[in-house]
Amino acid sequence: MGFFSFFKSSLRLGIEAFVLILVITFIPGLPPDVKISEPYKITKAKLEGKLTPNGKLDNIEFLHKDLMHGPESLADDSKFIYTSVHMDGIVKLVGKHIVPLVKFGKPCKGVYQEGICGRPLGITFGQDGYLYAADAYYGIYKVDVNTGDKKQLVSVGKEIEGRKVKFPNSVAVGCNGDIYWTESSTDFSLQDGVFALLADPSGRLIHYNAESGKNTVLIDKLHFGNGVILSESEDFLLVAETSRNRVLRYHLKGPKAGTSDIFLDGLPGMPDNIQTDGGSGFIVNLISEANSKRPNLVQVFSQFPNVRKFFARSVALVQLAFRAINSVYPNKFAQQGVHFVGHLEPFALILGRTIVLHVSQSGEILDSLWSGNNTVGHFCEAHIVKDQLYLGSPFNKYLGRVALSKIGWEHLKQKTDSLSAKKQICLKLKSNKKTDITKEAPTTTTTPRPTTTTTPRPTTTTSRSTTTTTQKSATTTTSTQKPTSTTPKPTAASIKPAVTTPKATTTKPVTTNSKAEQTDQVRRSAPPLEKPKVKEIPKSSLNSQGKVKSDSKESRAESRKNEL
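All you need for my numbering is the position in the sequence shown, starting with 1, plus 28.
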């Protein structure tokens, strides 16, 4: 009897739970009010060859431990290393000291209020010496690292091609000052990043024109667009699509310009920021392992949108409860609940091992670095400074560092800082562009010369001949011997082949145009000859008595005068 009661109770609870799941999943109007209906596939990774797991990241140094929170991205010049952190915006590392540089938001009480104080994510130097940053809550900025002055270039909330900016993430700067930046979602902010992973893709890759200030969407519907970087020759961009375990390539030059394709697919983890290896290659950071051996919870249900919808709505209802409490009785506990329930930070508790990939310009994986356990990791960016590899994280309370010699990357040692390297690349590209223009210059200069010197002469001569022939017709018939020897002389200065013409005036237009096309035009414009045996004598060749002029100097002079 007891077993039957237990079975009955369990069955009733199961049915009630099933009904509740159906209600949460399909009842209209529940938050989040976005579309979650598209299934998507994740290409399976093969953990072999260059992707064989190892523990090369286990013995790293912990810098500034417990003195910073979430050093997301890094950049360096000849003096300092800069990083973006929680609460303090962007800071510079001066020896063992952390010096605040700039904040984009307002003062706040804690990380749970990052929507107020701002949260810079991706940072990078432009060749102009300014530091460019993407703040998840305030937009795209450029910063003078000497003074700390900042200028907002794109604001959150700005409408771009019909949708408002919601979640800026990463940034890359071209040599001409143009900016390429990613937006992880147009439906959710960083505080609701969990929903951005569960919902249908709405991320974008955007181009900011430095001259006009106009933003143009290059790639739409990215499934959590993340890190972005320009190739060394600036002929293409790479952008990480975190939820799909892949990296896309957008072509800026060449026959494929304006199109995108898959650069890396079937990665063993979720790609985040992308950095240069100091040459033509790239360093792609996978913040969390996600493959068949260690699946990611979100990606397990990638092909089941209704399951994702249920999880998203369940999280949203919990968040809604905290919001309701905070609206009635504002308190720190409720605000923390609102923040952490939808934020990505709790994901650090379930993230797998971190992986760093060295990738060639053509997309070949050259090497990989793995953390051996979950205690060391959560790295989103790997940045080379001289002979050290620095490792940033949105969650850790330290900055990781490991010598290149310890991981077998001695060949990637940098001779200069990233800002100086950027300037050198831009100078090289500018020099190559000038060389290309110089090579093309002879073709541009010599081509028009034959056209300008030869074209007008036949045209001028033809018009004169046509005028002479059609202006006044004479019906007088006589011997053609003298006109044949007389008429070529006025035109001999311009075109010598006129002397070879056996016929007098009727064939002049033909001889003055060497091209068949001009000859046809003259023939069509000349009057038809009804009697080919009768020769037409120009009036200028007759004297006052109607007779043919003699071949004397006076006659020729008079003939030239009449023609003029």
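Just so it is clear, CB atoms sit at the ideal spot from N, CA and C, and this is done for glycine as well.
Assuming residue i contacts residue j under a Cβ cut-off of 8 Å, what Cβ separation, rounded to an integer in Å, is found between them?
i: Q331; j: A318; result: Rounded, the Cβ-Cβ distance is 15 Å, inconsistent with contact.
i: G420; j: T111; result: 6 Å
i: Y68; j: R272; result: 7 Å
i: N254; j: S212; result: 7 Å
i: H114; j: E89; result: The pair is not a contact, with the Cβ atoms about 21 Å apart (cut-off 8 Å).
i: V387; j: L85; result: Contact doesn't hold; Cβ gap of about 17 Å is too wide.
i: D248; j: R232; result: 6 Å
i: G391; j: L250; result: Actually they are not in contact, since the Cβ atoms of G391 and L250 sit about 18 Å apart, beyond 8 Å.
i: K72; j: G294; result: 6 Å
i: T403; j: I315; result: The Cβ separation is near 15 Å, so there is no contact.
i: Y426; j: K93; result: 4 Å
i: I52; j: R341; result: 5 Å
i: V222; j: L372; result: 6 Å
i: Y169; j: I207; result: About 10 Å; that fails the 8 Å criterion.
i: E66; j: P333; result: 6 Å
i: I257; j: L266; result: 5 Å
i: I126; j: L95; result: 6 Å
i: K434; j: N87; result: 7 Å
How about residue i and residue j: are their beta carbons less than 9 Å apart?
i: L397; j: N82; result: yes
i: L225; j: F252; result: yes
i: E262; j: S308; result: no
i: F423; j: N313; result: no
i: V184; j: K178; result: no
i: G205; j: A238; result: yes
i: S217; j: V62; result: no
i: G117; j: G146; result: yes
i: K194; j: I393; result: no
i: K134; j: V173; result: no
i: V335; j: P299; result: no
i: I311; j: A376; result: no
i: K337; j: I64; result: yes
Tell me the DSSP bridge mates of residue i?
i: Q303; result: I311
i: Y418; result: H411 and R429
i: V256; result: V267
i: G167; result: D163 and S183
i: L397; result: V384
i: L292; result: V275
i: Q53; result: The sequence shown places Thr at residue 53, rather than the Gln named in the question. Paired residues: none, contrary to the question.
i: E239; result: None, per the DSSP bridge assignment.
Closest to residue i by C-alpha separation, out of the options, would be which residue?
i: D305; options: L417, A344 and K84; result: L417
i: A200; options: L159, D293, F339 and G294; result: L159
i: F108; options: D94, N460, S446 and L455; result: S446
i: W437; options: L457, V413 and S448; result: V413
i: D105; options: A73, T463 and Q442; result: Q442
i: H181; options: W209, S230 and T382; result: The identity of residue 181 in the sequence shown is Leu, whereas the question assumes His. When only C-alpha atoms are compared, the closest one is W209.
i: L325; options: L295, R351 and L379; result: L379
i: Y165; options: V173, L149, D156 and Q155; result: L149
i: G123; options: L91, K462, A238 and L377; result: L91
i: K131; options: G167, H367 and F223; result: G167
i: N301; options: S101, S38, F34 and L39; result: S101
i: D395; options: L432, P374 and P283; result: L432
i: N354; options: V366, F35 and F32; result: V366
i: H439; options: L457, K456, D415 and Q452; result: D415
i: L455; options: E269, G282, Q155 and A268; result: Q155
i: T175; options: L129, R191 and Q347; result: L129
i: E187; options: I234, M96, N197 and A161; result: I234
i: C203; options: I311, V335, A352 and K451; result: K451
i: N197; options: T270, E189 and G282; result: T270
i: G370; options: L95, Q389 and L348; result: L348
i: F368; options: L50, F54 and D220; result: D220
i: Q303; options: P60, F350, S38 and A103; result: A103
i: S448; options: D289, G286, S459 and G157; result: G157
i: P60; options: F31, F361, K461 and V343; result: V343
i: P99; options: G428, K462, K458 and K461; result: G428
At 3 residues or longer, what runs of the beta strand (DSSP E) sit wholly inside the stretch 85-156? 89-91, 102-104, 109-113, 117-122, 125-130 and 148-153
What are the start and end residues of each continuous beta strand (DSSP E) run of 3 or more residues lying completely inside the stretch 365-394, in chain order? 383-387
At 3 residues or longer, and completely inside the stretch 171-218: list those beta strand (DSSP E) runs for me, N to C. 178-183, 196-201 and 207-211
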